[in-house]
Amino acid sequence: MTSKTDTKPQAMAHADEVVNLETVASRIKNGQITRVVVLTGAGISTAAGIPDFRSPSTGLYDRLAPLNLPYPEAIFHISYFSHTPEPFYAIAQARHPGNLKPTISHTFLALLAEKNLLHFVFTQNIDGLEQDAGVPVDKILWAHGNWKSQHCWKCKAGYPDDLMKKAIREGEVPYCLKPECGGAVKPDVVFFGQSLPLEFDEREKLVLEADLMLVMGTSLKVAPCSRLPRLVKEGTPRILINMERCGDFGNRIEDVCMLGSCDDGVRKFADELGWREELEALWQSAVEVKGDDQAFEGGSSLDECIAKVASQMDERMKISYGHKRMLESHLSNKLAQIMAKPVSQD
Ligand code: CNA
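By the count of the numbering used here, the sequence shown reaches residue 358 at its end, each step adding exactly one.
Here you go:
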């Protein structure tokens, strides 16, 4: 990664200077801001068709209710997955980014990179759409991994891509090819209960070098990414583009909070920068370049996948209730026999 020298004018806010989108854009245009560090979350990809986790009713957690999981996050918890990987695979097809196209928000990051302004992107997303939009891979840390490879969760053996695609398409759990192992295969996304890539600690320091931090589409509820905006040096502008206010945004005078959709936010930002036409053209070409992955064509929607697995779980519950009733009646017969037996007096 190219690192820039410290000899440029500082993008610090002066006490008497109002910081807003216009002033940030003019500092970019006059070269005061040259190192933009970005943190993205699920909200940058909802327009591409992947629901986020926590938005009420549209988010995945609310929509998982029919599965009666012990808690919604269980579906992405390594300890739950280790014994019950079925719900994860039942919805995997609908969450796989195979046929999704990058949004204009992803493309805005690619444009920052083209203009040599992108210092680094931390993404909590696992969909890889930043790369599809054209952001150079050496500028991205997939803090929570991605779908591009997979391993057995237990013995860590690799697993072929074609078998993985087949399993995802069919909603079946792929198991380790080593017969003595039998662990479920997991895409290399970081589940709750697993460690982040070692690279995270090293890359985190890049936030200190930022002269603008842009945070988009995240509730800032998942550590350790949630702490990144607080690491930005005091006096350095931070822009939040999100449906809701989150983290400590709004506590610093240099904060610019743009509440609304990421796509609207980046369009406004591009307008201020005079980049709008360029951005729209770059987005069009990013969408065209990303072909469709035939393996995922015509798949079921998320709600269809959830309804299917919920009915299968209902069937399994009926079977286990049947077993329970059988055991209860067996035990009560046994008890009746014991009670009927005369008590020995010796
Ligand atoms: P989250 O906790 O679900 O928060 C999403 C945030 O984005 C919320 O504050 C929403 O209000 C906001 N939001 C939703 N849609 C938009 C929009 N169009 N424009 C602006 N804001 C919007 O998700 P986080 O990313 O904060 O949490 C981190 C989790 C989510 C990571 O572990 C990810 O792996 C995981 N995740 C990733 C994806 C993906 O890869 N696309 C999808 C869903 C969840």
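Backbone N, C-alpha and C fix where the C-beta goes; we use that ideal spot for every residue, glycine too. Being a predicted model, the structure only gives us computed values, none of them experimental.
Non-local beta-carbon contacts of leucine 81 in its own chain, meaning distances under 7 Å to residues more than five positions away in sequence, involve Ile87 and Pro99 in chain order. Aspartate 174 and serine 38 have their C-alpha atoms spaced approximately 49 Å apart. In this structure, isoleucine 138 has its CB closer than 6 Å to one or more heavy atoms of the ligand CNA.
Two segments are said to touch when three or more pairs of C-beta atoms, one from each, lie closer than 8 Å; by this definition the segment 116-126 touches the segment 135-151. In the displayed model, cysteine 237 falls within a helix according to three-state DSSP.
For serine 91, the enclosing alpha helix (DSSP H) starts and ends at 90-95.
Inclusion of cysteine 258 and leucine 240 in the CB contact set at 7 Å is not warranted, their separation being larger than that value. At a threshold of 6 Å, asparagine 111 does not count as near the ligand CNA, since its beta carbon sits no closer than that to any of the ligand's heavy atoms. A direct Cα-to-Cα measurement between isoleucine 45 and leucine 224 gives close to 7 Å. Beta-bridge partners assigned by DSSP to methionine 270: Ile253. Contact between leucine 208 and proline 236 is confirmed by a C-beta separation of about 7 Å, below the 8 Å threshold. In the DSSP annotation of this structure, the continuous segment of the alpha helix (DSSP H) that includes valine 301 starts and ends at 288-301. Runs of the beta strand (DSSP E) lying entirely within the segment 98-161, each at least 3 residues long, are 130-135 and 152-154 in chain order. In this structure, aspartate 64 has its beta carbon less than 6 Å from a heavy atom of the ligand CNA. For histidine 156, the CB falls within less than 6 Å of some heavy atom of the ligand CNA. Taking 7 Å as the cut-off, the Cβ atoms of serine 94 and glycine 205 do not count as close.
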